[in-house]
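Residue numbers (our numbering): 47 to 126. Just so you know, even glycine gets a beta-carbon here, dropped at the ideal spot from N, CA and C.
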């Protein structure tokens with residue numbers, strides 16, 4: 047069974063490694079580099095302020111909300 051990623055079950059160092067590993071394996075970062083901007087998206091999780099899921103939801107909601115606030119701009123279609 048996989049280890050829990052919840053704040054209460056991890057240390058700050060573990061959370062930092064979780065984020066770095068995930069970002070380096072994702073499409074968010076290019077060419078195996080993780081920018082400070084990428085890390086900043088998940089800094090509240092690393093600091094123990096927000097769960098990982100909450101950070102991801104906040105990041106994604108910016109795209110949905112942003113598309114709705116700009117008239118004439120299309121969306122990805124997932125919100126239909």
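Item                                                                                                                    : Value
Taking residue 90 as the reference, give the member of 52, 47, 70 with the closest Cα.                                  : 52
Between residue 82 and residue 71, what straight-line distance do the alpha-carbon atoms span, to the nearest angstrom? : 16 Å
Alpha carbon to alpha carbon, what distance is there between residue 88 and residue 61?                                 : 9 Å
For residue 52, name the three-state secondary structure that DSSP assigns.                                             : coil
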